[in-house]
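Undergrad: My questions will all concern the structure given below.
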Amino acid sequence: MNIDLARTFLEIVETGNFNKAAERLEVTQSTVSMRIKALEDELGRPLFVRSKTGAELTAAGTQFRRYAAAMVRVWEQARQEIALPPGFRTVLNVGGQFSLWDRLLVQWIPWMRTALPDVAVRAEVGLSDGLMRRLGEGTLDIGVMYSPQARPGLHIEKLLEERLILVSSRRDAGDSWHRDYVFVDWGPEFRQGHGQAFPDLPAPAVTVSLGALGLQYVLSSGGAGYFPMRVVRSYLAAGRLFAVEGAPEFRRPAWLVHPQDEAREPWFATALEGLRHVASLENED
78 MNIDLARTFL EIVETGNFNK AAERLEVTQS TVSMRIKALE DELGRPLFVR SKTGAELTAA
138 GTQFRRYAAA MVRVWEQARQ EIALPPGFRT VLNVGGQFSL WDRLLVQWIP WMRTALPDVA
198 VRAEVGLSDG LMRRLGEGTL DIGVMYSPQA RPGLHIEKLL EERLILVSSR RDAGDSWHRD
258 YVFVDWGPEF RQGHGQAFPD LPAPAVTVSL GALGLQYVLS SGGAGYFPMR VVRSYLAAGR
318 LFAVEGAPEF RRPAWLVHPQ DEAREPWFAT ALEGLRHVAS LENED
């Protein structure tokens, strides 16, 4: 069976919609429909019930789901291991959100090279939704993210907790920090806590969804915003940024996600312990 058929099936399961699956796969909707038709013809059973609101799995589709995920996982593993350079026994696929690569995952990779020199590491950047999808498909071994979703077969544990503090480019910002405030969207929990802490705050002139972008804006053009202590510590020490006294702080947990597979070889547990160790060194208090 063409592996693209299984990937397309899983994408529809993930999105619940043929159109959205086509967008993610960067193909036309007719291509998605033809792939599912070919798959249903091979299996001899309908896999989806389509409606105006989307697509739902049939009983046969529900049964096929775990087989499709296994096929994609085995195919990716075979493709990667065959491509391994001499001297490596396997490859570990790791994905993390952009701001978590800074210091945390970047420090973990050299730790891995020392502790497990015969394990190749493939690293990539992604958002929580995409990383969770890859973990579910089996094409990603470890994910580090801010907003995981509980799914069968995946283990989720808190890896670290970031401390978000309000900083300003002005030493004397005082109560006027909101005049040039840059709102960085750190996720739903932050938005909720922020709204409760500042119910009367005027809508900011600048809103960004990427912390690194917001920080560069504040450093280059001036302003105030919430950022992780581990990121702004050096700027505070250098006098380029200043903590706003009396401002509330927020906590933002980062999570480690990986498949629950007791048959994993011991080296995988070593890799996880390395991540936990590096994370334990990131004290933000």
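When you read off a place in the sequence shown, starting at 1, and then add 77, the result is the number in this note's numbering. Where a beta carbon is used, it is the ideal one built from N, C-alpha and C, also for glycine. In this text the structure is predicted, and so the values were computed from the model without any measurement.
Using a Cβ distance threshold of 8 Å, determine whether the stretch 115 to 124 contacts the stretch 135 to 153, with at least three qualifying pairs required.
TA: Verdict: yes, contact present.
Undergrad: So A132 is in the beta strand (DSSP E); what residue range does that whole segment cover?
TA: Its beta strand (DSSP E) spans residues G131 to L134.
Undergrad: Assign S36 to one of two classes, buried (16 or more other C-beta atoms within 10 Å of its C-beta) or exposed (fewer than that).
TA: Residue 36 is absent from the structure shown; the chain starts at 78 and stops at 362.
Undergrad: Which ranges would you report for the beta strand (DSSP E) in the stretch 164 to 220 if only whole runs of at least 3 residues count?
TA: DSSP runs (the beta strand (DSSP E)) wholly in the stretch 164 to 220: 167 to 173 and 196 to 202.
Undergrad: Which full runs of the alpha helix (DSSP H) of 4+ residues lie inside the stretch 228 to 312, going along the chain?
TA: Taking only runs of at least 4 residues, the alpha helix (DSSP H) segments lying wholly in the stretch 228 to 312 are 265 to 274 and 288 to 298.
Undergrad: Taking the beta carbon of G164 as the centre, do at least 16 other beta carbons fall within 10 Å, making it buried, or is it exposed?
TA: It is exposed - the Cβ of G164 has fewer than 16 other Cβ atoms within 10 Å.
Undergrad: Less than 8 Å separating the beta-carbons of F319 and A274?
TA: For F319 and A274, no; Cβs fall outside 8 Å.
Undergrad: Restricting to Cα atoms, I'd like to know which of A132, R329 and L212 is closest to G264.
TA: For the residues A132, R329 and L212, the minimum Cα distance to G264 belongs to R329.
Undergrad: Would T347 and L181 be called neighbours here (beta carbons separated by less than 8 Å)?
TA: In this structure, L181 does not lie closer than 8 Å to T347 by Cβ.
Undergrad: Check this for me: beta carbons of F304 and V261, under 8 Å apart or not?
TA: Against a cut-off of 8 Å, the Cβ pair of V261 and F304 comes out as a contact.
Undergrad: To the nearest angstrom, how far is the alpha carbon of T105 from that of F95?
TA: Taking the straight line from one Cα to the other gives about 10 Å.
Undergrad: From which residue to which residue does the beta strand (DSSP E) around A331 run?
TA: Residues F327 to P336.
Undergrad: Alpha carbon to alpha carbon, how far is F327 from D179? Give it in angstroms, no decimals.
TA: Approximately 20 Å between the Cα atoms of the pair.
Undergrad: Are A132 and I186 closer than 8 Å when you measure CB to CB?
TA: Their beta carbons are not under 8 Å apart, which means A132 does not touch I186 by this criterion.
Undergrad: For V126, list the residues DSSP reports as bridge partners.
TA: For V126, which the question treats as bridged, DSSP gives the partners E133.
Undergrad: What is the DSSP secondary structure of A324, counted as helix, strand or coil?
TA: Here A324 sits in coil by DSSP.
Undergrad: Return yes when the Cβ of G213 is within less than 8 Å of the Cβ of E153, no when it is not.
TA: No, the pair does not count as a contact, with Cβ atoms beyond the cut-off.
Undergrad: Nearest-angstrom Cα distance between I80 and A282?
TA: Distance between the alpha carbons of I80 and A282: 47 Å.
Undergrad: Of the choices R156, A160, T167 and I113, whose alpha-carbon is the least far from that of F141?
TA: Answer by Cα proximity: I113.
Undergrad: Identify the residues that DSSP records as bridge partners of F95: which are they?
TA: Paired residue(s): none; F95 is not in a bridge.
Undergrad: Kindly indicate the opening and closing residues of the alpha helix (DSSP H) around L116.
TA: It spans Q106 to L120 - the alpha helix (DSSP H) in which L116 sits, taken as one unbroken run.
Undergrad: Compute the beta-carbon to beta-carbon distance between I242 and M306, rounded to the nearest angstrom, for a pair I have assumed lies under 8 Å.
TA: Right, their Cβ atoms sit about 6 Å apart.
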